Amino acid sequence: MCSPDSGSHSLLYFSTYIKGDTPFPEFSAVLMLDDIPLAYYSSNGQKHFPRGPMNEEEVFHFADQKYTMFVLTSMHNRIRNKADRYIHNYNNTHGIPFLQSIFGCDLLDHSAPGRMIYKESFNGDIGDEIHLSISDNTFQSVFRWPGDWNILQSNYWRSLLIDVMEPFCLTSLHKLFKINRKHVMRKVKPRVRLFQKALPDSGGMKVTCLATGFYPRHINLTLFRDDQPLDSHQITGGELLPNGDGTYQMRKSLEVSTDDLKENYQYTCKAEHLSLDNKLDIPLDYEPYPGQKHVVVVVLIALVCLTVVIIVFVFVFCRKRCMANNRCLRIHQGRKKCLDEGEQGPSSEHTLLGSSSSQSVEVQRRIEHQRPQNISTPATAEQGPDTPAQNGGHHAAGEQQRQTKQTKKDTCSG
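Numbered per UniProt numbering, the sequence shown spans residues 1 to 414.
So, in structure tokens, the structure goes:
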């Protein structure tokens, strides 16, 4: 209903009637400005609820207009009566029957009135259509269910569209567009990517151009091979799909055979959108072929294993070296302690040996004192401090000191 090239905009009610015992309301409708939901109406309570950019106060003012409830009530009554006739005429007694309809209007560029439109379907089958050109009041209808419309009903709906629904729809469209102009006229750039995926069954590849996150909804995607556009019959996809955030996505794909893969063609994707100043050319993302993928996986596994082996080797080597350094340090400290004790030992031993030597001299003197006076002992009398006994004591002490040092050295060396 709206085109970015012409600048047209539309206001539509999408309504649903459900007959039977269900948890849903019998009649509900969604108000759409272009492709943006603004309000939701339910026959349970006959109330509008805000949707999208509309707040509760703005929705209330819209619902409080003169013909708002009249239009919704008329739509409710009409599709309810038509649903009953369809059920009776087609003997549809299985399942839950439902009837859907679209009612609204659009504005052409420069706010020129366009047309009124009414479409309906029953259980998913397309039904009657009515088009009214607002500029010249040209009435066109397509009745797919014979006998449902007669001249009287056609005249009634023509008068209703011209006298009531047309002014209501055009006035509402102008007001709602003014309120939501910023949101309606926003431009969001697409995110475009061209990638390939292996086809195991055929051995070929599937090249896909994906554009997503753009607004408004109109976009042109073109796939190129060596700068030449591909024919439409070679392309699959191209459907416009909505995203959850109010933007859109589209993808187009090309299946590349094994023979074409050998030619090493260059694939690109070109995107044209209102948010882009220039055309967007996207090259193909490189992705290894299936055989190359296996090689890459094997190489990565080998690198990981090699890294683990190196880490373990370095850890064991450092651990052994650290243990050896600690052992040498303990041995060195033990030797130093032994040597220190060896240097301090002789002084104490010398004291002990000196004491033994003094005791020997004292004993010798007592023996000399007890000898008879008439016995001359010139050698003894003339002996000075260095008597044979004393010399013998000093010699024994020195020998004992040397043996002690040697024992400690042997102990430290061990």
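The beta carbon of each residue, even a glycine, is placed where N, CA and C say it ideally should be. Here the structure is a predicted model, which means the values were calculated and not measured.
Of all alpha-carbon atoms in 39, 23 and 228, the one lying nearest the alpha-carbon of residue 14 is that of 39. When C-beta atoms of the segment 56 to 73 are compared with those of the segment 202 to 215, fewer than three pairs fall below 8 Å, so the two segments do not count as touching. Judged by beta-carbon spacing, residue 25 lies within the 8 Å limit of residue 44, meaning their Cβ atoms are closer than that value. For residue 259, the three-state secondary structure derived from DSSP is helix. Taken through DSSP and simplified to helix, strand or coil, residue 174 comes out as helix. Contact annotation: the segment 152 to 166 touches the segment 107 to 120, with at least three C-beta pairs closer than 8 Å.
For residue 128, the secondary structure class from DSSP, reduced to helix, strand or coil, is strand. Here residue 197 has 206 as same chain residues with Cβ atoms under 6 Å from its own Cβ, once five neighbours each way along the sequence are excluded. For residue 101, the closest of 12, 156, 108 and 153 by C-alpha to C-alpha distance is 12. In this structure, residue 285 lies near residue 193, with their beta-carbon atoms less than 8 Å apart. Contact between residue 28 and residue 42 holds, with the beta-carbon distance rounding to 5 Å and staying under 8 Å. Rounded to the nearest angstrom, the gap between the Cα atoms of residue 129 and residue 104 is 12 Å. In the DSSP assignment, residue 281 falls within the beta strand (DSSP E) that extends over 280 to 283. When the Cα atoms are used, residue 208 and residue 252 turn out to be separated by approximately 6 Å.
Straight-line spacing of the CA atoms in residue 255 and residue 281 works out to 20 Å. Counted as a single uninterrupted DSSP element, the beta strand (DSSP E) harbouring residue 193 occupies residues 191 to 198.
In the assembly as shown, residue 95 is an exposed residue. Its beta-carbon has fewer than 16 other beta-carbons within 10 Å.
The alpha-carbon separation between residue 270 and residue 188 amounts to approximately 17 Å. In the structure shown, residue 217 falls within a coil segment according to DSSP collapsed to helix, strand and coil. DSSP, reduced to helix, strand and coil, places residue 19 outside both helices and strands of the structure shown, so it counts as coil.
By the neighbour-count criterion, in which a residue is buried when 16 or more other Cβ atoms sit within 10 angstroms of its Cβ, residue 83 is buried. Rounded to whole angstroms, the gap between the alpha carbons of residue 99 and residue 263 is 54 Å. Residue range 68 to 89 is occupied by the alpha helix (DSSP H) that includes residue 74. DSSP places residue 242 within a strand segment (E or B) once states are collapsed to three.
Burial is judged here by how many other beta carbons sit within 10 angstroms of a residue's own beta carbon; residue 301 has fewer than 16 and is exposed.
Taking a contact as a CB-CB distance under 8 Å, the pair residue 17 and residue 80 counts as one, their CB atoms being some 6 Å apart. Just so you know, the alpha carbons of residue 30 and residue 299 end up roughly 57 Å apart. In this structure, DSSP gives residue 49 an extended state, which the three-state scheme calls strand.
If you draw a straight line from the Cα of residue 51 to the Cα of residue 58, it is about 11 Å long.
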